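*Asks:* Numbering (our numbering), first residue to last: 112 to 452.
Where a beta carbon is used, it is the ideal one built from N, C-alpha and C, also for glycine.
On a predicted model such as this, the values are computed, not experimentally measured, just so you know.
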Amino acid sequence: MRDSKENMHNEHGAKQIYKAINTARYPLLISHENPDGDTLGASLALSYHLNNGGRSYEHFCIDKPAYYFSFLPQIEKINSNQSKVNLKNHDLVITIDCGSIKRTGLGDNLEKMKNDLSIINIDHHQSNDLFGHYNLVNPTASSTSEIMYKFFEINSIKIDKYIATALLTGILSDTMNFTNAATTKDSLKIASTLLECGARTSQILNNLMQNRNLFTLKFWGKILSQTQIQPEYNFAYTAIDYDDFISAKIEREDIDGLANFLSTLQDVNFILVLSEEEDAAIKGSLRTTKDNIDVSKIAKIFGGGGHKKAAGFRVEKNVIIGTLDWKKFIITAIINELNKI
Ligand SMILES: [Mn+2]
Numbered sequence: 112m113r114d115s116k117e118n119m120h121n122e123h124g125a126k127q128i129y130k131a132i133n134t135a136r137y138p139l140l141i142s143h144e145n146p147d148g149d150t151l152g153a154s155l156a157l158s159y160h161l162n163n164g165g166r167s168y169e170h171f172c173i174d175k176p177a178y179y180f181s182f183l184p185q186i187e188k189i190n191s192n193q194s195k196v197n198l199k200n201h202d203l204v205i206t207i208d209c210g211s212i213k214r215t216g217l218g219d220n221l222e223k224m225k226n227d228l229s230i231i232n233i234d235h236h237q238s239n240d241l242f243g244h245y246n247l248v249n250p251t252a253s254s255t256s257e258i259m260y261k262f263f264e265i266n267s268i269k270i271d272k273y274i275a276t277a278l279l280t281g282i283l284s285d286t287m288n289f290t291n292a293a294t295t296k297d298s299l300k301i302a303s304t305l306l307e308c309g310a311r312t313s314q315i316l317n318n319l320m321q322n323r324n325l326f327t328l329k330f331w332g333k334i335l336s337q338t339q340i341q342p343e344y345n346f347a348y349t350a351i352d353y354d355d356f357i358s359a360k361i362e363r364e365d366i367d368g369l370a371n372f373l374s375t376l377q378d379v380n381f382i383l384v385l386s387e388e389e390d391a392a393i394k395g396s397l398r399t400t401k402d403n404i405d406v407s408k409i410a411k412i413f414g415g416g417g418h419k420k421a422a423g424f425r426v427e428k429n430v431i432i433g434t435l436d437w438k439k440f441i442i443t444a445i446i447n448e449l450n451k452i
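This is the structure in structure tokens:
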């Protein structure tokens, strides 16, 4: 078993990791909970490649991908039923775009199995603690899909139009179509190469951008109209109760992108979107456009993580003691933390 905590983010590392994938008996690919375009794009590019090579493997994601990702290759292979995953069957686990082992949705079980299988950790989150036996982690990459592109390139894996489409989906998602701070000259260069390989931009944009119905937009309007500004620390926040989802007949995936949209707000330090989940937990999404603010530090208050400009957390409701109002609880906790800085 390899030593943990070594980052193999270099050409030699990428080759060693490919060798580990090729010699594994039965790999398990994992995309992170609440999957976004990056975790799906990067993992499905690899999935498609494994499938082409006639490999047997499984692909797990604890949350079912949103319907608008159904154009991606091999997406039908993703299993979201945790009871169907038996880690004992696998000699290798490949986590994609998971900033921590918790994001795999198999946290404790995977932690317990660490001596019996190998973990390859491919990611770009600043907060990644190199939990794998093999770590291919580059926080300066726009996306894990960008890292995956380089992995394919180094290992001379052919990038056809399906792989190119999957990888470009990841890059476009994490850079918000090349508008946020994750956008770099590398990400633009790679996107250009992916276009040459046949990536279907219009298919990606049609599916990811033009996917809202009128009910959803009206719901966004309601949530946006409830946005408040915290005067002392000048951050904007809004919150969605679980009952709001039910009464508006809105799925959770319909609010994907709401935090990004709200971050177009001028002159605030950061924004926070809170939403209540069915299973007694609260999800928080944080965004900032300010260079001197690191929202991953705020996410850490609640055990979350992410990037400087975009981060998230999940709080179990049983943590919220002594108050009936979870919104107040979370906002107060954030203000208390900001008071200390
Ligand atoms: Mn990502």
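Is the segment 411–429 in contact with the segment 236–243, if contact means three or more CB pairs nearer than 8 Å?
*Replies:* A contact exists between the segment 411–429 and the segment 236–243.
*Asks:* So what does DSSP say about Lys394, is it helix, strand or coil?
*Replies:* Reduced to three states, the DSSP call for Lys394 is strand.
*Asks:* Can you tell which of Ser253, Lys428, Thr338 has its C-alpha closest to the C-alpha of Thr280?
*Replies:* If we check each option's Cα against that of Thr280, Ser253 comes out closest.
*Asks:* Relative to ligand 1, what is the chain-ordered list of residues with a Cβ closer than 6 Å to any of its non-hydrogen atoms?
*Replies:* Selection output, chain order preserved: Asp149, Asp208, His235, Ser254, Thr255, Asp285.
*Asks:* Indicate the three-state DSSP secondary structure (helix, strand or coil) for Gln337 in the structure shown.
*Replies:* Gln337: coil per DSSP, three-state reduction.
*Asks:* If we ignore side chains and look at the alpha-carbon of each, how far apart do Ser211 and Lys116 end up?
*Replies:* Their backbone Cα atoms lie some 13 Å apart in a straight line.
*Asks:* Closest by CA to Asn190, which one among Arg166, Lys175, Ile315, Phe182?
*Replies:* Of the candidates Arg166, Lys175, Ile315, Phe182, the one whose C-alpha sits nearest the C-alpha of Asn190 is Lys175.
*Asks:* Assess, as a yes-or-no matter, whether the segment 194–206 is touched by the segment 133–141 under the definition of 3 or more beta carbon pairs within less than 8 Å.
*Replies:* These segments touch.
*Asks:* Starting from the Cα of Leu157, find the closest Cα among Glu122, Pro146, Tyr273 and give me that residue.
*Replies:* Cα-wise, what sits closest to Leu157 is Tyr273.
*Asks:* If distances are taken between C-alpha atoms only, which option among Gly309, Ser358, Thr134 comes closest to Thr108?
*Replies:* Shown here, the chain extends from 112 to 452; a query on residue 108 therefore has no answer.
*Asks:* Can you give me the C-alpha to C-alpha distance between Ala391 and Asp271, rounded to a whole angstrom?
*Replies:* About 43 Å.
*Asks:* Between which two residues does the alpha helix (DSSP H) holding Glu122 run?
*Replies:* 122–134 is the extent of the alpha helix (DSSP H) around Glu122.
*Asks:* Taking the runs of the alpha helix (DSSP H) that are 4 residues or longer, which of them lie wholly in the segment 209–270?
*Replies:* With a minimum length of 4 residues, the continuous alpha helix (DSSP H) runs that stay inside the segment 209–270 are 218–223, 255–265.
*Asks:* Find out if the Cβ-Cβ distance for the pair Leu247, Asn226 is shorter than 9 Å.
*Replies:* No; because the gap between Cβ atoms is not below 9 Å, this pair is not in contact.
*Asks:* With C-beta atoms as the reference, is Leu97 less than 9 Å away from Phe180?
*Replies:* Any answer about residue 97 is impossible in this case: the structure gives the chain only from 112 up to 452.
*Asks:* Taking Asn345 as the reference, which of Gly164, Leu449, Gly124 has the closest Cα?
*Replies:* Among Gly164, Leu449, Gly124, the Cα nearest to that of Asn345 belongs to Leu449.
*Asks:* Bridge partners of Tyr273, per DSSP?
*Replies:* Tyr273 pairs with nothing; no bridge assigned.
*Asks:* Quickly, what does DSSP pair Gly416 with across the bridge? List them, please.
*Replies:* According to DSSP, which records beta bridges pairwise, Gly416 is partnered with Gly423.
*Asks:* Following the continuous alpha helix (DSSP H) through His160, name the residue where it begins and the one where it ends.
*Replies:* First-last of the alpha helix (DSSP H) with His160: 148–163.
*Asks:* Less than 6 Å between C-beta atoms, sequence neighbours within five positions excluded: which residues of the same chain meet that for Phe262?
*Replies:* Excluding positions up to five away in sequence, the list reads Ala125.
*Asks:* Quick check on DSSP: helix, strand or coil for Ala292?
*Replies:* Of the three classes helix, strand and coil, the one that applies to Ala292 here is coil, per DSSP.
*Asks:* Tell whether a beta-carbon distance below 9 Å holds between Ile101 and His143.
*Replies:* Residue 101 is absent from the model: the chain starts at 112 and stops at 452.
*Asks:* Evaluate Gly164 with the Cβ neighbour count: other Cβ atoms within 10 Å of its Cβ, from every protein chain shown; 16 or more gives buried, anything less gives exposed.
*Replies:* Counting Cβ neighbours within 10 Å, Gly164 comes out exposed, since fewer than 16 surround it.
*Asks:* Check whether the segment 319–332 touches the segment 294–304, taking contact to mean three or more Cβ pairs, one atom from each stretch, closer than 8 Å.
*Replies:* Taking 8 Å as the limit for Cβ pairs, the verdict is that the segment 294–304 does not touch the segment 319–332.
*Asks:* Helix, strand or coil for Leu183? Go by DSSP, reduced to three states.
*Replies:* Leu183 falls in the coil class under three-state DSSP.
*Asks:* Would Lys439 and Ile393 be called neighbours here (beta carbons separated by less than 9 Å)?
*Replies:* No.
*Asks:* Could you pull the DSSP bridge partners for Ala350 from this structure?
*Replies:* Note: Ala350 sits in a beta bridge opposite Leu385.
*Asks:* Just curious, the alpha helix (DSSP H) that Ile207 is in, first and last residue?
*Replies:* Counting along the chain, Ile207 falls outside any alpha helix (DSSP H), though it belongs to the beta strand (DSSP E) covering 203–207.
*Asks:* Determine the direct distance from the alpha carbon of Gln185 to that of Tyr159, and round the result to whole angstroms.
*Replies:* In a straight line, the C-alpha of Tyr159 is about 6 Å away from that of Gln185.
*Asks:* Do Ala347 and Ile357 have their C-beta atoms within less than 9 Å of each other?
*Replies:* Against a cut-off of 9 Å, the Cβ pair of Ile357 and Ala347 comes out as no contact.
*Asks:* For Ser191, name the three-state secondary structure that DSSP assigns.
*Replies:* Ser191: coil per DSSP, three-state reduction.
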